[in-house]
Amino acid sequence: MGRGITLVYPGFLDRARWIFSQPRGWVSLVAWEVAVLVFVGLPYGPPAFIWAAVIVAAFVVVFATQRDRRRRYGPPHTLRDPKGINTIREDERAGFFSDRKGYLWRKRLFFSASGIPTCEVLWDWYFWAFSIQSGKPVLLLEEPRLNWWWFDNAFYIARSGYSADDVAALVRQQERRRQQRLEHAHDLMATDTNGTTGRPGIPEEVKRFVFRRDGGKCVQCGSSELLHFDHIIPVAMGGGHTTENLQLLCAVCNREKAASL
-12 MGRGITLVYP
-2 GFLDRARWIF
8 SQPRGWVSLV
18 AWEVAVLVFV
28 GLPYGPPAFI
38 WAAVIVAAFV
48 VVFATQRDRR
58 RRYGPPHTLR
68 DPKGINTIRE
78 DERAGFFSDR
88 KGYLWRKRLF
98 FSASGIPTCE
108 VLWDWYFWAF
118 SIQSGKPVLL
128 LEEPRLNWWW
138 FDNAFYIARS
148 GYSADDVAAL
158 VRQQERRRQQ
168 RLEHAHDLMA
178 TDTNGTTGRP
188 GIPEEVKRFV
198 FRRDGGKCVQ
208 CGSSELLHFD
218 HIIPVAMGGG
228 HTTENLQLLC
238 AVCNREKAAS
248 L
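For the sequence shown, position 57 (counting from the first letter as 1) is numbered 44 according to the working numbering, and the numbering increases by one without interruption.
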């Protein structure tokens, strides 16, 4: 089962590479070497200058990489009810952010989420993950019982053991359920707004189905005002509260039908 690639953290070589790939990194190194030349090379000669230059260069690289690692961020957000995460849920506090507090104001990238310390991430890895997360979940972080995923511009906490395909399926399932709840709420609101009335005993789910099936309009004249749930076969004649025996009629059409019976 493919687990993906988790967060890639900058190491010593990554930070040193940045120093030697940026003009300001070279400028700082050259400035230190000039200082060595002035204070060591000129008074004590070339041999002392060579040794001092090597030592200072090593010191600059080590100092820069260690200085670059320092973080000034507080403890992580508390993970609310970690035992309640049975499958997967969105972590609204998770995300990437950057600062310029690295060596020579280098722009650093961090990932923060509920329940885990803020951690620095390689920019190269971030660009790779960003390029694929819209179509496939990317595993960000693995903990003993929980995993953090990045999918479709949102971050999710899931129980460990799920593959990328499992996470995608669970997220799409949650989206469908959310959409169904929204449609249900809109149907109820439309029913209340249009003033539909129904006989006692018609189940709510049946009324919602009939309202959506008939498009929220009278099946006779197309009016959307003062709608009634009409029994095609009246209850007095044995008609039931079923979707096949119900239709939407406006008040006028309903009275005309009642008069014709």
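Idealized CB from N, CA, C, for every residue including glycine.
Own chain partners of residue i with C-beta closer than 8 Å, once the 5 adjacent residues on each side are dropped
i: cysteine 205; result: Ser211, Leu214, Leu235, Leu236, Cys237 and Cys240
i: glutamine 9; result: Leu91 and Arg93
i: lysine 123; result: Phe138, Ala151 and Ala155
Inter-residue Cα distance where the pair is residue i and residue j
i: leucine -6; j: leucine 127; result: 5 Å
i: proline -3; j: arginine 87; result: 15 Å
i: glycine 82; j: serine 121; result: 15 Å
i: phenylalanine 36; j: tyrosine 90; result: 26 Å
i: glutamate 107; j: phenylalanine 196; result: 52 Å
i: alanine 18; j: phenylalanine 114; result: 33 Å
i: arginine 186; j: proline 221; result: Residue confidence for arginine 186 is low, a pLDDT of 49 falling below 50, so the modelled location carries little weight; the figure read from the coordinates is stated next. Cα to Cα, arginine 186 sits roughly 11 Å from proline 221.
i: arginine 146; j: aspartate 152; result: 14 Å
i: leucine 16; j: valine 158; result: 50 Å
i: glycine 209; j: methionine 224; result: 27 Å
i: valine 43; j: valine 154; result: 50 Å
i: alanine 141; j: glutamate 79; result: 8 Å
i: glutamine 166; j: arginine 132; result: 30 Å
i: valine 25; j: phenylalanine 46; result: 18 Å
i: glutamate 170; j: valine 49; result: 60 Å
i: glutamate 130; j: arginine 4; result: 30 Å
i: leucine 0; j: glutamine 161; result: 42 Å
i: alanine 245; j: isoleucine 189; result: 19 Å
i: threonine 229; j: arginine 168; result: 23 Å
i: tyrosine 149; j: valine 125; result: 12 Å
i: tyrosine 31; j: tryptophan 112; result: 47 Å
Residue i (DSSP reduced to helix, strand or coil)
i: asparagine 134; result: strand
i: valine 25; result: helix
i: threonine 229; result: coil
i: glutamate 162; result: helix
i: isoleucine 219; result: coil
i: arginine 80; result: coil
i: glutamine 167; result: helix
i: isoleucine 189; result: coil
i: lysine 204; result: coil
i: glutamate 8; result: Sequence check: residue 8 is serine here, not glutamate. Here serine 8 sits in helix by DSSP.
i: tyrosine -4; result: coil
i: glutamate 212; result: coil
i: tyrosine 113; result: helix
i: tyrosine 31; result: helix
Proximal residues to residue i (C-beta, below 7 Å), its chain only, five neighbours per side dropped
i: histidine 218; result: Gly226, Asn232 and Leu233
i: serine 118; result: none
i: glycine 202; result: none
Residues sharing a beta bridge with residue i, DSSP
i: valine 41; result: Note: valine 41 sits in no beta bridge, so no partner.
i: tyrosine 143; result: Glu77 and Trp136
i: glutamate 86; result: This sequence places aspartate at residue 86; glutamate is not what is there. Its beta-bridge partners are Arg95.
i: leucine 126; result: Trp136
i: glutamine 234; result: Asp217
i: cysteine 106; result: Phe98
Cutoff 8 Å: residue i Cβ touching any chain D Cβ
i: arginine 164; result: Here chain D cannot be found, since the structure has a single protein chain.
Residue i classed as buried or exposed, judged by whether at least 16 other C-beta atoms fall within 10 angstroms
i: alanine 172; result: exposed
i: valine 14; result: exposed
i: asparagine 134; result: buried
i: alanine 116; result: buried
i: phenylalanine 84; result: exposed
i: proline 33; result: exposed
Nonlocal neighbours in the same chain, by C-beta distance under 6 Å from residue i, ignoring five residues either side
i: alanine 39; result: Val23 and Val27
i: tryptophan 110; result: Leu96
i: tyrosine 143; result: Ile75, Glu77 and Trp136
i: alanine 100; result: Asp78, Ala81 and Trp135
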